[in-house]
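Okay, structure first, notes after.
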Amino acid sequence: MDFIKKNKYKIVLLVLAILFFCLYNYLNFSHQNIFNSPDETANFVLSKSFVETNKISYTLQNNFDKLNEFIHPRSTFVFGNNILPVSFITFIIVSGFVGKIFGTGIIVYLNSIFLILAVLAFFGINKKIFDEKVSFLSSVLFFMLPAVWYYLERSMFHNITFVSLVIIGLWFILCQPFRKQIWLSDLLGMSIFMLGVFMRPNEMTWIGLVFLFTIIYFKKQIKISRLIMWSSVAVFFVLMYVFANFYFYGSVSTGYVASNSLQVHKWYSLLFPFGFDFLMTIKSVWNYFFKMNILFGVSAFLSGIFFVYLFLKNKLNKVQKVYFVSLLVSSLFLFFYYGSNHDNLYNLKTVAVAYVRYWLPIFIGFLPIIVFFIIEVLKKIKNNVGKNLLYFVYIVVFFFLSFNIVYKGIDGVLAVDNQLKYMTEIKNWVVDNTSQDAIIVTDHEDKYFWPQRQIVVDFYNDSIGQTIPALLEKNAEMYYFVPKQTEEDYTKMLVYLAKFAFDVDVFQRFNSHTLYKLNLP
-19 MDFIKKNKYK IVLLVLAILF FCLYNYLNFS HQNIFNSPDE TANFVLSKSF
31 VETNKISYTL QNNFDKLNEF IHPRSTFVFG NNILPVSFIT FIIVSGFVGK
81 IFGTGIIVYL NSIFLILAVL AFFGINKKIF DEKVSFLSSV LFFMLPAVWY
131 YLERSMFHNI TFVSLVIIGL WFILCQPFRK QIWLSDLLGM SIFMLGVFMR
181 PNEMTWIGLV FLFTIIYFKK QIKISRLIMW SSVAVFFVLM YVFANFYFYG
231 SVSTGYVASN SLQVHKWYSL LFPFGFDFLM TIKSVWNYFF KMNILFGVSA
281 FLSGIFFVYL FLKNKLNKVQ KVYFVSLLVS SLFLFFYYGS NHDNLYNLKT
331 VAVAYVRYWL PIFIGFLPII VFFIIEVLKK IKNNVGKNLL YFVYIVVFFF
381 LSFNIVYKGI DGVLAVDNQL KYMTEIKNWV VDNTSQDAII VTDHEDKYFW
431 PQRQIVVDFY NDSIGQTIPA LLEKNAEMYY FVPKQTEEDY TKMLVYLAKF
481 AFDVDVFQRF NSHTLYKLNL P
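Encoded structure:
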């Protein structure tokens, strides 16, 4: 009984970890290796390729020389005869290494495992900054954050891995589990931390600022030997990342640069690649940070004001001041960095739009601030039963609001589940009724057919219009997969076919799509 009483918070978190692991993997339990975004598909296929071939590339079925550059799904590009990722490669390499040890079946569950470890680390870190109660309640809410929950259901995005490994690394550095061997805690912690950073190297600016600010603020308490250890590990990982890019891409450039996905137009584009749009940022923050989950938004706003008051009145301890200033600085940077981008899906205003996953560090960072504020407000209630009941009500309401955000809507988990069921049937039919060398031309359904079939995307691009007949002349077997067309859509297609001198025949009609066979006249 003493053990249970002493470790009650940890036991509850472990029970929640098991329950949420099951919730997080509803789509993985229901579907085998089919995903609803090109990023997820590319990450999974190339992680699996790394397990099997030690390469983060996928070799084209046929070599069409100069035409190869057009034969790839979204989120990838072609280099020679190989398909490579546009995104950062660390996630693929880490997933591949783990897959080599435990088998490819574990790859889709890695993010859930990392996240659960991160929640436990988050609990340990916040006990040192605030107290055990704040740490426990904020850790419970961590499990339920819509941004966390949704992007664990969509299991092959690297954003969760990024924040998870950074938090786990910080736990080793700050909590020093190997107390008699601090160097070992620092070595492991900084290694895991840097591994997390290189999941998304573009986040290094704000992370570096926060790290530098913290070191300067606590310079008297930090031994020079620890600084040397941290710096050495950081430099080692920078060199390893450069080497990995050189090894896989033939240059130090990342996939974004090598594929020409990153364009630098102005002097500040390296710092703010999406530009600096104040009005767009305000609208993005309002819709995707405050309005989407109104309970979280209001809580974050009020707790932020409360902490500013405490800061100005000098009622925060030294560590809490550093935490709050770091949170404000990183939040402002991330709001403007990503909020200035007018995402193509901006008007959807759902959890699936990119702002939500890009702002994961902010959502997580505000949790202990919110809980601290709630506890301070409820201190006026003397009845502990009533107080605990209010905590419970807040958590339950937070859970159901999150559930609604994650599962409902046009791109919620239930809609994704139905779409994956439908597309699995179509994919199986296409695989059974086309040759292994067949090329599917499609605008958005590439994520379902690759790598079982080769892919060309962006049908109405003039470059593709010229490429299709050139491939047909080389005896390529080609199909066009398209959502059901209106009369206007069909007329547009006929005009396009006439312009580039190739024909289509209906090969198969599905409930809401049509598969055409492409031919020369």
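For the sequence shown, this note's numbering gives the first residue as -19, with consecutive numbering after it. Note that the Cβ used here is the ideal one computed from N, Cα and C, for glycine as well.
- Between ASP485 and PRO501, the gap from beta carbon to beta carbon reaches 8 Å or more.
- DSSP places LYS113 within a helical segment (H, G or I) once states are collapsed to three.
- DSSP places LEU150 inside the alpha helix (DSSP H), whose first and last residues are 139 to 155.
- Non-local C-beta neighbours of ALA214 in its own chain, meaning closer than 8 Å and more than five positions away in sequence, comprise MET170, MET174, ordered along the chain.
- Non-local C-beta neighbours of GLN434 in its own chain, meaning closer than 8 Å and more than five positions away in sequence, comprise LEU40, GLN41, ASN42, ILE51, ASP417, ALA418, ILE419, ILE420, ordered along the chain.
- Separation of SER443 and VAL436 (C-alpha to C-alpha, rounded to the nearest whole angstrom) is 11 Å.
- DSSP places TYR460 within a strand segment (E or B) once states are collapsed to three.
- The secondary-structure analysis by DSSP pairs GLN434 across a beta bridge with ILE419.
- Annotated as distal: ARG337 and PHE193, with beta-carbon spacing of 8 Å or more.
- Secondary structure note for GLN399: its alpha helix (DSSP H) is the uninterrupted segment 393 to 413.
- With respect to the 8 Å criterion, SER27 and SER75 are classified as neighbours on the basis of their beta carbons.
- Counting along the chain, TYR496 sits inside the beta strand (DSSP E) bounded by residues 493 to 499.
- In the assembly as shown, VAL278 is an exposed residue. Its beta-carbon has fewer than 16 other beta-carbons within 10 Å.
- Going by DSSP, GLN300 is part of the alpha helix (DSSP H) stretching over 298 to 319.
- The three-state reading of DSSP puts GLN12 in coil, since its state is none of H, G, I, E or B.
- Note on geometry: alpha-carbon atoms of LEU219 and TYR4 lie some 35 Å from one another.
- Restricting attention to LEU(-7), LYS454, ILE140, the CA atom closest to the CA of LEU340 is found in ILE140.
- Secondary structure note for PRO449: it is in no beta strand (DSSP E), and the uninterrupted alpha helix (DSSP H) holding it is 442 to 453.
- Rounded to the nearest angstrom, the gap between the Cα atoms of ASN106 and GLU112 is 7 Å.
- The three-state reading of DSSP puts ASP323 in coil, since its state is none of H, G, I, E or B.
- The DSSP-derived three-state label of PRO341 is helix.
- In this structure, ILE(-9) sits away from ILE(-2), with a CB-CB distance that is not shorter than 8 Å.
- In the structure shown, THR194 falls within a helical segment according to DSSP collapsed to helix, strand and coil.
- Around the beta carbon of VAL357, a 10 Å sphere encloses fewer than 16 other beta carbons of the protein chains shown; the residue is thus reported as exposed.
- Comparing alpha carbon positions, the residue from LEU328, LYS298, HIS322, ILE344 closest to SER311 is ILE344.
- Taken through DSSP and simplified to helix, strand or coil, ILE63 comes out as strand.
- The three-state secondary structure of ASP483, taken from DSSP, is strand.
- Its chain contains PHE44, LEU47 as the residues whose beta carbon lies nearer than 8 Å to that of LYS454, once the 5 sequence neighbours on both sides are disregarded; these appear in chain order.
- Take the alpha-carbon of ASN225 and the one of ILE69: they are about 8 Å apart.
- Leaving aside the five residues that flank MET260 on each side, the residues in its chain whose CB is nearer than 7 Å to its CB run, in chain order, GLY319, SER320, HIS322.
- Look at ARG489 here: in three-state DSSP terms it is strand.
- Check the Cα spacing between LEU495 and each of VAL377, CYS155, TYR459, LEU477: the tightest is with TYR459.
- Excluding its 5 nearest sequence neighbours in each direction, LEU164 has C-beta neighbours in its own chain below 8 Å: PHE158, listed in chain order.
- Secondary-structure assignment with DSSP links PHE383 through no beta bridge to anything.
- Contact between VAL78 and ILE86 holds: CB atoms are separated by about 6 Å, below the 8 Å threshold.
- Straight-line spacing of the CA atoms in LYS497 and THR84 works out to 34 Å.
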